[in-house]
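Residue numbering for the sequence shown follows this note's numbering, starting at 92 and increasing by one per position. The C-beta atom is built at its ideal place from N, Cα and C for all residues, glycine as well. None of these values were measured; they are calculated from a predicted model. See structure below.
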Amino acid sequence: MRGFKSFKKVDIHFNCNYMAIAGPNGSGKSNIADALRFVFGEMSLRSIRARKIRDLININSSKASVTVYLSVEDSEGKLIETIEIRRAIREDGKMLYRYNGDRTTRSQVRDLLAKHGFTLGAHNVIAQGKVQRLIDMNARERRELIEEVAGIAEYEKKKEEAMGELAKVEQKISEANVLLGEREGYLKELEKEKIAAERYLEFSKRMKDARATLLKREVTVLETNFEKNCTELAKLQQADGEAKKEIADIEEIIKGLEAEKTKLVDKLNAWSLRDKDARQLGEMRSRAETCGVLLAEKEKELTELDARIKSLTGAGTELDVQAAQAGADYSSTRAKFEQLKLTMRGASGEAAKLLIDRKIALEVDKGRHEEIISRGGEALEGSGAGGHEGKRKEFEGMKRDIIDVDKQLDDMFRQEREYAKQIPEIEKKMLSIREKLANASYPEVFKVIDELKQSNNGIYGRIAELIEFEGNYLNAIDAALGNRLNYIVVDDVDTAQETIGTIKKRCTGRVTFIPLSDISSRAGASGGSGLNPELKGSRKLIDLISFEKKYQKAMELVFGDTLLVDAATAKQNFGKHRMVTLQGELYERGFITGGTTRGAMKFADAGKLAEEEKQLQKERTDAYAALEHIRMEMGRLRKAKITAEVRMKSMEIEIDSIMGKADEAAALRKRISESTAHLAKITSELEECNGSIGKLDEQKKLDEGIVAQFNELGTRVKVLENDLAHLNEALKFNRAEQNSMKNARAKALEAMKKLEKDKETWLSEAAQLEEKLSETRKDMDKLFQQNKELEATLTLHGVKLGKFRYERELLSKKQTELSIARASCETRLVDMKTELQGITEFEEIEGSKEELSAILKQCETEMNALGQVNPKAPQLYDEKAKSVVEIREKIDKLASEKSAVLAMIQEIDEKKYDIFMNAFMAINDKFQELCTRIFSDKCHLMLDKPMRPFESGLQIKVVQPDGKERMVEMFSGGEKALMALLLIFSIQLVKPSPFYIIDEGDAALDKENSKRFAELLVQLAERSQFVVITHNDTLIAKAMAAIGVSKTSLGSKIVSLELTTAQTLTTVTRKQ
């Protein structure tokens, strides 16, 4: 030892198995035992009798060190190895370990010694007072000694670790079961939605497929019909154009023939003026020719009337009356005119007659040309030949409209995609909120309150809902108010009683109400006298929240004068005020509440979550409505697009047809222009005739009244003829005038008969006169023959013209019918194409139209029965089902872990029991053996509860030779001390150590018991080395060697002696 405690420098040799260390009190002999314990790694200062590290260092040193040398021998006592161990310590507490000169650590030193079976602990060190402590132990504490020797602590530690692991596993299983219950409950509800959604989607798909199949078939049929109508309409328009062209050609031919006829008439008129007979013959011929022309016109008119009568279905009564009256007026006026003409013929002679006949012929030609001009203009207006530019512009405009529609459809498609993306996000948030609501366990009574609050304005809500505060005050407010956060604020007592009645009827729970009109403010109230709320660093809790002013009294009632403080302030003022910290510790008079809790604010969160769910439901509804509106608008735009495309196709056909009519319109304009020129010429000739007639009237000195009457009648005849022509034209376009046309036809036939009769008369007279004019007969015959041929040709072409006009009317009717059919087909085609475009993908279904309609009806019925479904339910169900399976697998795994932990605990208990009982039996055997060596009595150890050893106490039982039994508690002090030593040695012999240290363990023994103890040590020293620190002469006398310790001014010193007798040792001790 160097500088250790009272020893400045000393070397001690322990060269025998039983050494005694003796010396007066305070000499430092126990410091030798402390040094041995120090060098072998003792860490407790108290165990080596020191309060601080400086107590281990000699007063004259700055450090201390202890070195020990251990000899390792084999079973035959032959030295195998010498081990050097050194431990040093400085004043600053730094330590040093060396093993055989090499620096090492305490744990390494103890491990290296353990290899040789050497340890230093409670089982081989009997320190001062240990025997007395053992005597004072109760039975349970004595049993714990055996546990310590048996190493039960190691198994207890393992068991505690296993129990801790078991608690963790059970906690995890409990949490997993709670979570599984929540998930399974939610999954059960979600399964119903999943089944409904799957059925709805199945019916919806089948309905879509059936509808799309029907639409596709209908569209195919309609497209075929539409194309067929368009083709037929184009053919009709082409045929109508050809008919118009034929009519124009015939009219052109008639125009040429009329020109030739005019030339012939001019020649005949020229010959008629050569002489009286010639003029008379010419007049006759002219009149006969005029009758022929008029007859041809009447035939032409008759043909036209027949064609028009066929095309008309009814006649108007008013037009019939007008036509009959016009016919009657015409006949009467014509008769008067003819009578007056005969009168004038007698007065003015043959020249006047010829002029009048010429005038009539010219007026007839004038009317015919006017009709050509009128009808030609109408034909030009009806042909629409000049409207192709307008059609072309309209066509280009439609193309631009379709491009605009495509842009709008693209924009709406993007909007549709955004809404389609937004809706799943909303539903995902709703699902998350529903899960949170399920975990929040929102009480039914609060749900009833929320329901009543919608219809009763007197219910304001819970305290937790009516306040707002910063998040860091949550724990403080939750702890301070507790369940008062769930108090319901109402306007008065009546509202509270009415609400309580409803809650009782529904049996949903209990709740506390605060009627604002019937409470008084508690502001300034205090639990103690002389409250000064202005503690340093504190604030009133009510000042940290915000609420509506009308709730002031309610808030003052529940918050009171609670102060928010820090932990130090709360500790200093405990019992004086009601205080709470930010961490949630509540300080009241006589109570401190802390820890963790679910918190009443959880229900407030649940209420807010319910409101969020309602808001999300509204957002989802709005999104669906907007999505539906966009899809309807897209359908309308698609329909408009298809309508425009169909219209464009129709316009292409019309434009092609109009371009084909352009040539016909040009020819018609040319004919109108020529008729206009002829009309001007005829008008001029009429003026000359009127002038000639006027001169003849003056020459013949006719009565002025007759001339005026003749002119008036002539004008009247012309007017009536024009009126009758207009009526005939009106009948062409109005079937209601058929009867009028028939009357006109009858009159025309009568006029034709008269004209034929007049023609025959004039021809007969002309024949008689012709005999007189034989010289010019041949020429005149030729002219008349040509004229006749021209009349026949004109008549033939007039019949053709009437036929073509009738055909045009039929074509017009058919075009109208086809246009209507095409428009109807076009409308249906647009609607169905629009609807079909809205269906993106489908599977065509086999079956008839009736079968597909039945499928549609069945699917619609099933879908209506299902009502509104959640389309995301199948996907959500699969996700949640997967999480449930994972939780179950986790529970199964945790159950396996629990079984393994329980099995391990059982195995630990079994091993602990076996080890303890083995140690107990071994110690009991050693104890009996030692007792036999010392006492004549039989001694043994026993357990109070042998079947439950770890609940038992350890008793020492002694059986005297006379059979009486005594317990150790009945022994004297010395006997108890000896028994305690025997128990200690019994424990140590079960786990033998190379050496033992006994520090005044014999202090309580009397002389006789000391002798017995010394003899026992001598016996035990044969197998182990004993270092005994004692004052007992008997123990010293029995020792193989002794070390004397004395105290000097320089510290403790030692003297080492080998003793053969106790007397010698006693003498040495007394001298010291």
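Classification of residue i by the beta-carbon crowding that lies within 10 angstroms, buried from 16 upward
i	result
S1077	buried
I946	buried
V196	Strictly speaking, residue 196 in this sequence is Thr, with Val absent from that position. Exposed, because fewer than 16 other Cβ atoms sit within 10 Å of the Cβ of T196.
Y160	exposed
Y578	buried
Y968	buried
M670	buried
F68	The requested residue 68 is not part of the displayed model; the chain covers only 92 to 1163.
Y109	buried
F824	Reliability of the predicted coordinates at F824 is poor, the pLDDT of 45 falling under 50, and the value obtained from them is presented with this limitation in mind. Classification of F824: exposed, given that the 10 Å Cβ count is below 16.
G615	Confidence at G615 is low in this model, with a pLDDT of 44, below 50, so its placement is unreliable and no value can be given for it.
S363	A caution first: S363 carries a pLDDT of 49, below 50, which makes its placement in the model unreliable, though a value can still be read off. Classification for S363: buried.
M1061	exposed
I763	buried
D1124	buried
K761	exposed
A218	buried
V584	exposed
Continuous alpha helix (DSSP H) stretch holding residue i: start and end
i	result
I978	A964 to I1025
T952	K940 to L957
E1194	Outside the displayed range of the chain (92 to 1163) lies residue 1194, so it cannot be described from this structure.
L626	L626 -> no alpha helix (DSSP H), and no H or E assigned at all.
E535	E535 to S546
R128	S121 to V130
I568	L565 to L572
V1059	Taken as a continuous stretch (DSSP letters only), V1059 belongs to no alpha helix (DSSP H), as it is neither H nor E.
Whole-number beta carbon distance between residue j and residue i, since they are thought to touch under 8 Å
i	j	result
L927	K299	At roughly 11 Å, the Cβ-Cβ gap does not stay under 8 Å, so L927 and K299 are not in contact.
K971	R274	6 Å
L386	K850	7 Å
L985	V260	5 Å
A182	R145	Note that residue 182 is Glu in the sequence shown, not Ala. That belief holds up - the Cβ atoms of E182 and R145 are roughly 6 Å apart, short of 8 Å.
L846	K389	7 Å
L626	L654	6 Å
T672	D657	6 Å
I999	K249	5 Å
I517	E710	6 Å
C-beta neighbour in chain D for residue i, strict 8 Å
i	result
V649	Among the chains in the structure shown there is no chain D, since it carries only a single protein chain.
Enclosing beta strand (DSSP E) for residue i [first to last residue]
i	result
R177	L170 to R181
I683	F682 to T684
Q643	Premise fails: Q643 lies in the alpha helix (DSSP H), Q643 to F650, not in any beta strand (DSSP E).
K1048	L1045 to V1050
I1167	This structure does not reach residue 1167, given that the chain is present from 92 up to 1163, and the question cannot be answered.
E589	Unbroken run through E589 is the alpha helix (DSSP H), V584 to R597; no beta strand (DSSP E).
I930	No beta strand (DSSP E) contains I930, which DSSP labels as neither H nor E.
V40	Residue 40 is absent from the structure shown; the chain starts at 92 and stops at 1163.
A1132	A1132 to T1139
K99	F98 to K100
heavy atom of the ligand SAH below 7 Å from residue i C-beta
i	result
D165	In terms of ligand content, the structure shown is empty, and the ligand SAH therefore cannot be addressed.
> When the Cβ atoms of the stretch 948-965 are set against those of the stretch 317-334, are three or more pairs found closer than 8 Å?
Replying inline: Using a C-beta cut-off of 8 Å, the stretch 948-965 makes no contact with the stretch 317-334, since fewer than three inter-stretch Cβ pairs fall below that distance.
> Does the pairing of the stretch 973-985 with the stretch 291-304 give three or more beta-carbon distances under 8 Å?
Replying inline: Verdict: no, contact absent.
>> Does the stretch 881-888 come into contact with the stretch 339-349, if we say contact requires no fewer than three beta-carbon pairs (one atom in each stretch) closer than 8 Å?
In response: Taking 8 Å as the limit for Cβ pairs, the verdict is that the stretch 339-349 does touch the stretch 881-888.
>> I want to know whether the stretch 231-246 touches the stretch 957-968 - three or more CB-CB distances under 8 Å.
In response: No: the two stretches stay apart, fewer than three of their Cβ pairs being nearer than 8 Å.
> Quick one: any contact between the stretch 1130-1144 and the stretch 103-114, if contact means 3 or more CB pairs under 8 Å?
Replying inline: Yes: the two stretches touch, three or more of their Cβ pairs being nearer than 8 Å.
>> If contact is defined by three or more beta carbon pairs under 8 Å, each pair taking one atom from either stretch, is the stretch 1083-1092 in contact with the stretch 1106-1115?
In response: Enough Cβ pairs lie closer than 8 Å, so yes.
> Counting pairs of Cβ atoms below 8 Å between the stretch 994-1008 and the stretch 1027-1045, do you hit three or more?
Replying inline: Yes, since at least three Cβ pairs between the stretch 994-1008 and the stretch 1027-1045 fall closer than 8 Å, the two stretches touch.
> Below 8 Å, can you find three or more Cβ-Cβ pairs linking the stretch 931-943 to the stretch 246-253?
Replying inline: Of all C-beta pairs linking the stretch 931-943 to the stretch 246-253, fewer than three are shorter than 8 Å, placing the two stretches out of contact.
> In chain order, which alpha helix (DSSP H) runs of at least 4 residues are fully inside the stretch 1091-1122?
Replying inline: Listed in chain order, they are 1098-1111.
>> Could you check whether the stretch 623-641 touches the stretch 586-604, counting it as contact only if at least three pairs of C-beta atoms, one from each stretch, sit closer than 8 Å?
In response: Segments in contact, no.
> Is the stretch 187-194 touching the stretch 162-179, taking contact as three or more C-beta pairs under 8 Å?
Replying inline: Taking 8 Å as the limit for Cβ pairs, the verdict is that the stretch 162-179 does touch the stretch 187-194.
> Would the stretch 221-234 and the stretch 1064-1078 be scored as touching if the rule is three or more Cβ pairs under 8 Å?
Replying inline: Taking a contact to require three or more Cβ pairs closer than 8 Å, the stretch 221-234 and the stretch 1064-1078 qualify as touching.
> In the stretch 176-248, which residue ranges form an unbroken alpha helix (DSSP H) of at least 4 residues, counting only runs that do not cross its ends?
Replying inline: Runs of alpha helix (DSSP H) with 4 or more residues, each lying fully within the stretch 176-248, are found at 197-205, 221-227 and 230-241, listed in chain order.
>> Whether or not the stretch 569-578 and the stretch 502-518 are in contact is what I'm after, with contact meaning three or more pairs of Cβ atoms, one per stretch, closer than 8 Å; do they touch?
In response: Verdict: no, contact absent.
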